[in-house]
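Here's the structure, in structure tokens; my notes come after.
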Amino acid sequence: MIGTFYRQPGPDKPIFVNVGDEIKVGQVVCIIEAMKLFNEIESEIAGTIVKVLVDDASPVEFDQPLFLVEPA
């Protein structure tokens with residue numbers, strides 16, 4: 019999906035995930051805004067967030083990695 023990457027659902031809302039957070043399959047990890055539609059992106063694996071690869075409010079492309087995750 020091509021769009022804009024957001025780490026939180028709104029300016030005054032908490033960030034979905036941070037480095038060191040444990041995540042589960044199906045957990046929302048970010049939002050991609052494409053053509054004024056805000057799409058929640060869910061984790062496909064369980065594990066620990068090692069690194070966030072994209073800056074907040076940056077453009078992203080199809081199949082671009084967003085996070086490094088150490089599988090559980």
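Be aware that the sequence shown starts at 19, since it is given in the numbering used here, and climbs by one per residue. C-beta atoms are modelled at their ideal positions from N, C-alpha and C, and glycine is treated no differently.
What's the gap between the Cα of residue i and the Cα of residue j?
i   : j   : result
D73 : C48 : 12 Å
S61 : P29 : 22 Å
L84 : V37 : 12 Å
F56 : Q26 : 11 Å
I59 : F80 : 13 Å
V70 : S76 : 12 Å
K31 : Q82 : 25 Å
Taking the beta carbon of residue i as the centre, do at least 16 other beta carbons fall within 10 Å, making it buried, or is it exposed?
i   : result
F34 : buried
V46 : exposed
Under 7 Å Cβ to Cβ from residue i, same chain only, skipping five residues before and after it: list those, please.
i   : result
E51 : G21, T22 and Y24
Is the beta carbon of residue i sitting closer than 7 Å to the one on residue j?
i   : j   : result
E40 : V68 : no
A64 : V43 : yes
In terms of residue numbering, what span does the beta strand (DSSP E) encompassing residue i cover?
i   : result
G65 : G65 to V70
A52 : V46 to A52
L86 : F85 to P89
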